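For reference, the structure is listed below as structure tokens.
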DNA sequence: GACAGATGTCAATGCGCGTTGACTTGGCCG
DNA sequence: CGGCCAAGTCAACGCGCATTGACATCTGTC
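Chains as they are written, first to last, in this note's numbering: chain A, 1 to 197; chain B, 1001 to 1197.
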């Protein structure tokens, strides 16, 4: 598999501890699946990254699919949306989108993981439900909408779109295009967050 | 592989014709790759869909990767952007996004194909270049921007985002949420297409 | 300190894959 | 009509994979 640019083992040499081993495998799976996708990631890769044995994975997770779904669930954790400053949100996001996608950033890995899942017909429904519960609902609360969640939907969609664009763009934007891009993205986001402003 | 909901063979029984066979394989590959992705699609699947033999694929396309890159190139064709009515564009797109993704629609398949390519580190750069040439440039022309292409970038990103959202949403929106969604999406798109309005 | 169950190791199995090469069939041209 | 080359078929190979079950080792408990 591709280089993960990480220490050979995710964890320090540990004593016999099923829970810790399970956790190490799960963490390794989250990283590996995010970078390489479901199919290109072998259980041998994950085991090597976790510093454990391949045979433990079917035992602890019931198989590759079980590991994937559990890694998916663990990845879509309730976001720390409350931490975001509402005044700076749009501009911060815009600046982030103007940059390059950094594979070392855990959030990039998370997003790639989710995108991988979105393209597979089998995992897409599962992802849909998870996104609904753990992504859309928090955004709606954050926005303070009572009536519907269409605004959260729109915001999430736009956010995702810029992430994809950044992913396939590869490099960061520079110069005039960057500033113009940031301004426009800020305006777009602001228009959704504060429609009347 | 998953059901493609298509006739067993893409083409009528044809006589010995290398060009036609090649074309049938390529068409089958475009469909199969879009639905199942690179890894989950086997050459045997494609051959069966095209009504030909597996062994012909390495011969005609030099291998699976060759077939994929050729299918990718054939998929990113210059879009018929000029046909779109600029006044109705935003609302048409918004209505489309409020509906459900239809796998029978060739455009849905195309998009899924591209998204698949975007998530693979190896194919992402290739996709980026292709998108730049055959997607961003036409949009910029359509928008009539002289200075930069940041507006085309933003529009493309938002468009992609809604496509992804629709993909993972699965079902169509209904009732109040639908109308609210359509209105808001229309407004967002209009804000990018005609910033001063 | 010894037992027992939990934990980790290892080799082996079966399967599906892409690819290869030898073979057969078909159609065009003389 | 007959030969010849393109086009298509078929069987087989090697490889990597997930999974299994038998075996070894550690660790907490009495």
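Where is the CB? At the ideal position from N, CA and C, for every residue including glycine. Just so you know, these numbers come straight off a predicted model, no measurement behind them.
- Sorting A:71, A:76 and A:17 by C-alpha distance to the C-alpha of residue 137 of chain A places A:76 at the top.
- Rounded to the nearest whole angstrom, the C-alpha separation of residue 150 of chain A and residue 196 of chain A is 16 Å.
- If you look at residue 113 of chain A, you'll find it in the alpha helix (DSSP H) that goes 106 to 119.
- Taking a C-beta distance under 7 Å as the contact criterion, residue 1182 of chain B and residue 1130 of chain B do not qualify as a contact pair.
- Residue 66 of chain A carries a helical assignment under DSSP once its states are collapsed to helix, strand and coil.
- A contact is defined here as three or more CB-CB pairs under 8 Å, and the region 1166 to 1180 of chain B fails this definition with respect to the region 177 to 191 of chain A.
- The closest CA to that of residue 1169 of chain B, considering only B:1159, B:1109, B:1091 and B:1100, is found on B:1100.
- Counting other Cβ atoms within 10 Å of its Cβ, residue 153 of chain A reaches 16 or more and is therefore classed as buried.
- Counting along the chain, residue 58 of chain A sits inside the alpha helix (DSSP H) bounded by residues 56 to 61.
- For residue 177 of chain A, the nearest beta carbon of chain B is closer than 7 Å to its own beta carbon.
- For residue 1091 of chain B, the enclosing alpha helix (DSSP H) begins and ends at 1089 to 1098.
- Closest in alpha carbon position to residue 1172 of chain B, among B:1156, B:1094, B:1106 and B:1117, is B:1094.
- Measuring C-alpha to C-alpha distances from residue 161 of chain A to each of B:1194, B:1111, B:1143 and B:1141 identifies B:1111 as the nearest.
- Shown here for residue 118 of chain A: same chain residues with a beta carbon closer than 8 Å to its own, the five before and five after excluded, namely 124 and 127 in chain order.
- Contact between residue 1109 of chain B and residue 1035 of chain B is confirmed by a C-beta separation of about 7 Å, below the 8 Å threshold.
- CA-to-CA, the gap between residue 46 of chain A and residue 28 of chain A works out to about 6 Å.
- Relative to the Cα of residue 1043 of chain B, the nearest Cα in the group B:1068, B:1090 and B:1190 belongs to B:1068.
- Near chain B, meaning a CB-to-CB distance below 9 Å, the residues of the region 22 to 44 of chain A are 35, 36, 37, 38, 39 and 40.
- Residue 1037 of chain B and residue 1107 of chain B have their alpha carbons spaced roughly 15 Å apart.
- Distances from the alpha-carbon of residue 1134 of chain B to those of B:1018, B:1163, B:1165 and B:1072 put B:1072 closest.
- Contact annotation: residue 1060 of chain B and residue 1022 of chain B have beta-carbon atoms nearer than 7 Å.
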